[in-house]
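Letter by letter, the sequence shown follows residues 1 to 153 of the numbering used here. What follows is one structure encoded as structure tokens, with my remarks underneath.
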Amino acid sequence: MKTNILARILILLIITISFFSCKDDDPITPAEDHFEAIGTVIYDATGALAVSILRGETNDTLRITNGERSDHFDVKFYDDNENIVDPPNNEHTKLSYEIGDSTFASWWQHEGEEGGFEFHLDGKKVGKTTLQLFIVHEDHNDYRSGEIPLVIE
1 MKTNILARIL ILLIITISFF SCKDDDPITP AEDHFEAIGT VIYDATGALA
51 VSILRGETND TLRITNGERS DHFDVKFYDD NENIVDPPNN EHTKLSYEIG
101 DSTFASWWQH EGEEGGFEFH LDGKKVGKTT LQLFIVHEDH NDYRSGEIPL
151 VIE
């Protein structure tokens with residue numbers, strides 16, 4: 001009987017240890033880094049600064065022409081030290097967007113470059129709306145730029 005009780009305690013102890021030690025974390029493989037950004041920088045096709053938004057605040061306005069596709073815009077980011085850094089370069093991270101009112105403008109990227117950090121905008125009608133950019137890592141946003149004023153002239 002004493003052996004039976006000890007065996008049950010031992011089995012319960014092994015099950016308890018197994019339950020609490022089995023996690024999804026792999027201590028040998030490092031956790032995948034998420035891209036850390038505190039702001040966005042958008043350059044026009046000439047390499048000139050078009051918009052800078054830091055911590056969700058900007059005094060800049062992105063301008064495009066009604067009825068035309070813009071030249072390309074390149075996107076970079078501010079790191080925690082407010083240095084301008086290149087976008088992440090891996091297959092699990094992509095650029096996404098949200099246009100406040102898509103009746104004014106639409107987003108366009110070259111075939112095969114969808115989710116890349118270069119884009120064009122098509123002016124659909126004269127007016128004002130907003131553009132927000134997101135860094136999407138797998139199925140969630142790692143970063144949101146905040147609303148960038150967008151004027152279609």
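For glycine and all other residues, C-beta sits at the position ideal for the given N, C-alpha and C.
key: Nearest-angstrom Cα separation, counted from E153 out to Y155   = In this structure the chain extends from 1 to 153, so residue 155 is not present and cannot be described.
task = Give, in chain order, every unbroken run of the beta strand (DSSP E) that is at least 3 residues long and sits entirely within the segment 69–113.
result = 73–78, 93–99 and 105–108
message = Would R63 and V136 qualify as a contact pair, given that the criterion is a beta-carbon distance under 9 Å?
response = no
query = Could you give the C-beta distance for Q109 and G116, rounded to a whole number, given that I count them as a contact under 8 Å?
reply = 6 Å
Beta-carbon spacing of G112, R55 below 9 Å = no
key: Alpha-carbon spacing of P87 relative to S96, whole angstroms   = 13 Å
query = Measuring CA to CA, which of I5, N89, A45 and S106 is closest to D122?
reply = S106
query = Measuring CA to CA, which of N90, R8 and A45 is closest to D71?
reply = The shortest Cα separation from D71 among N90, R8 and A45 belongs to A45.
query = DSSP state of I38, grouped into three classes?
reply = The three-state secondary structure of I38, taken from DSSP, is coil.
task = Would you list the one or two residues that DSSP bridges to T129?
result = L150
message = So for R8, helix, strand or coil by DSSP?
response = helix
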